[in-house]
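Q:
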Amino acid sequence: VRQDGLALAYAAEHLKADGELVLEAVRQNGDALADAAKPLRADRELVLEAVRQDGGALRYAAAPLKADCELVLEAVRQIGRALRYAAEPLKADRELVLEAVRQDGMALRYAAEQLKADARPCGMQRSR
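First residue of the sequence shown: 1161, per our numbering; consecutive thereafter.
1) Does DSSP classify V1211 as helix, strand or coil?
2) Tell me which same chain residues have a C-beta within less than 6 Å of the C-beta of Q1238, skipping the five on either side of it?
3) Taking the alpha helix (DSSP H) that K1176 falls in, what are its first and last residues?
4) Assuming Q1188 is part of the alpha helix (DSSP H), what are its boundary residues?
5) Here's the rule I'm using: 16 or more other beta-carbon atoms within 10 Å means buried, otherwise exposed. How should Q1274 be labelled?
6) Helix, strand or coil: which one does DSSP assign to A1197?
7) Assign G1265 to one of two classes, buried (16 or more other C-beta atoms within 10 Å of its C-beta) or exposed (fewer than that).
8) Can you tell me which of P1249, G1179, E1209 and A1217 puts its alpha carbon nearest to the alpha carbon of G1240?
9) Cα separation between R1360 and V1261?
10) Thinking A1185 and A1192 are a contact (beta carbons under 8 Å), I'd like their distance in whole angstroms, please.
11) Could you pull out every residue in the same chain whose Cβ sits closer than 8 Å to the Cβ of Q1163, ignoring the five residues on either side in sequence?
12) Helix, strand or coil for Q1163? Go by DSSP, reduced to three states.
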C-alpha cells in the first residue's frame, strides 16, 4: 500500500481494519479510504490525512465527519467540488463555499440555494 494505496482493496478484512496500514494507504492515495473498515472511516485523523491527499475522499467519510468544518475545508481546498459531499449545513457556510469556489468555480452548484442567489451578479439572477 506504500506504493499504491488502492491495493488496500485486495487486502484481507483484518488488514482493512488496521489503522496504521490504512493510514499508509490513504497517505499514498486518499481514495483508499473507500476500502477502509467502517470504524476507520469515522477516525478524524485518518480521514483528515485522506482528504489532504485527495479532497474527494470526503465522500467515503462517516457522516459526522462530513459535518466537521475543518475537515471539509481541507477537502475543498484540494478539490472544490468536494463540497458535494459536505453535510447540508456546511453547504450554507459562506466562507466554506467561497473557499470551494476559489478552488473550482463549478463547486457553486453544490452550495445552498441562498448562497447561489447571492453569488450571481446583478442582472444575472435566474428568471422564475
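Think of the CB as a built atom: it goes at the ideal place given N, C-alpha and C, for glycine as much as any other residue.
In this text the structure is predicted, and so the values were computed from the model without any measurement.
A: Taking the coordinates as given:
1) Residue mapping note: residue 1211 aligns to position 51 of the sequence shown, counting from 1. Looking at V1211 - three-state DSSP - the assignment turns out to be helix.
2) Residue mapping note: residue 1238 aligns to position 78 of the sequence shown, counting from 1. If we look at Q1238 and ignore the five residues flanking it on each side, its Cβ neighbours are G1215.
3) Counting from one through the sequence shown, the residue named residue 1176 turns up at place 16. Its alpha helix (DSSP H) spans residues E1173 to K1176.
4) By one-based count along the sequence shown, residue 1188 stands at place 28. Its alpha helix (DSSP H) spans residues G1179 to Q1188.
5) Numbered from 1 along the sequence shown, position 114 holds the residue referred to as residue 1274. With fewer than 16 other Cβ atoms within 10 Å, it is exposed.
6) Position 37 of the sequence shown holds residue 1197. Note: A1197 maps to coil in three-state DSSP.
7) To locate residue 1265, count along the sequence shown from 1; it is residue 105. That one is exposed.
8) The residue labelled residue 1240 in the question sits at position 80 within the sequence shown. That would be A1217, whose Cα lies nearest to the Cα of G1240.
9) With the chain covering 1161 to 1288 only, the question about residue 1360 has no answer from this structure.
10) Translated into positions along the sequence shown, residue 1185 becomes position 25. Translated into positions along the sequence shown, residue 1192 becomes position 32. Indeed they touch by this definition, with Cβ atoms about 4 Å apart.
11) Reading the sequence shown from its first residue, position 3 is the one you call residue 1163. Once the five neighbours on either side are set aside, the close Cβ partners of Q1163 are Q1188.
12) The count along the sequence shown starts at 1 and reaches residue 1163 at position 3. In the structure shown, Q1163 sits in coil (DSSP, three-state: anything other than H, G, I, E or B).
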